[in-house]
Amino acid sequence: MWATRVLRMAVRKTTTGIVGLPVNVNARQDLIAIYNKTLQAAQVTHASATGSVGSGGPRLTGLAHRPPQTLPEGIAYRKAVEQITNYRLKVVMENEDEDTIEKVINCGQLEELIEQAEDELSVIPMYLEHKLWEPPVKAE
Numbered sequence: 195m196w197a198t199r200v201l202r203m204a205v206r207k208t209t210t211g212i213v214g215l216p217v218n219v220n221a222r223q224d225l226i227a228i229y230n231k232t233l234q235a236a237q238v239t240h241a242s243a244t245g246s247v248g249s250g251g252p253r254l255t256g257l258a259h260r261p262p263q264t265l266p267e268g269i270a271y272r273k274a275v276e277q278i279t280n281y282r283l284k285v286v287m288e289n290e291d292e293d294t295i296e297k298v299i300n301c302g303q304l305e306e307l308i309e310q311a312e313d314e315l316s317v318i319p320m321y322l323e324h325k326l327w328e329p330p331v332k333a334e
């Protein structure tokens, strides 16, 4: 079994088999970085326009139109992002073998997981900007 693992590690993937999706030779490392960025974006208060970070900075009045700088803790979207991302990050950190990671997560190749993670990361600012956790306003 050990010899098989060594041989498989020596064989490099040359294609994903998906048109337009090239092989990423650093897929595992890139995935770890994106998952960490996603967790940071979901949990950490972002720098505001005043340059302060977190709730300890100066407060400006009259900025009610500004989107919040962090996802509220109790919302379902934040919980889902944190749970999925933490699970996937744990799997990637605990396994160096790409095939094992792909089998355990069971949502595609590492390159596809990278695309999924990048997409999720790009949704967070939009979610903040439009306050999508609030109930919709009824049209009159």
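One point on numbering: in the numbering used here, the residue at position 96 of the sequence shown is 290, and numbering is uninterrupted.
Beta carbons: idealized from backbone N, C-alpha and C, even for Gly.
Backbone secondary structure at residue i - three-state DSSP
i    : result
P319 : helix
R272 : helix
E312 : helix
V247 : Bear in mind that a pLDDT of 34 at V247, under 50, signals an unreliable position, so the number given afterwards is only what the model happens to contain. Coil, per DSSP.
V285 : helix
I212 : coil
Q303 : coil
T255 : Unreliable placement is indicated for T255, whose pLDDT of 41 sits below 50; the coordinate value is still reported in the next sentence. T255: coil per DSSP, three-state reduction.
A241 : Legend: pLDDT at A241 = 37, less than 50; position of this residue unreliable, value from coordinates given subsequently. It is coil, neither helix nor strand.
N280 : helix
Residue i burial status per 10 Å Cβ neighbour count (16 or more: buried)
i    : result
E334 : exposed
I299 : buried
Y177 : Shown here, the chain extends from 195 to 334; a query on residue 177 therefore has no answer.
A221 : buried
R282 : buried
A311 : buried
T294 : exposed
T279 : buried
I318 : buried
Run of the alpha helix (DSSP H) containing residue i, from where it starts to where it stops
i    : result
V298 : E292 to I299
Q263 : Q263 -> no alpha helix (DSSP H), and no H or E assigned at all.
T232 : A221 to Q237
Whole-number beta carbon distance between residue j and residue i, since they are thought to touch under 8 Å
i    : j    : result
A235 : L315 : 6 Å
T208 : V219 : Incorrect: roughly 11 Å between the Cβ atoms, too far for contact.
T232 : V275 : 7 Å
For residue i, the nearest candidate out of the options (CA to CA)
i    : options             : result
A270 : Y321, L215 and D291 : Y321
E288 : K207, T264 and Q223 : Q223
Proximity test, residue i beta-carbon vs the ligand ZN heavy atom, cut-off 8 Å
i    : result
N218 : Ligands displayed in this structure: none; no statement on the ligand ZN is therefore possible.
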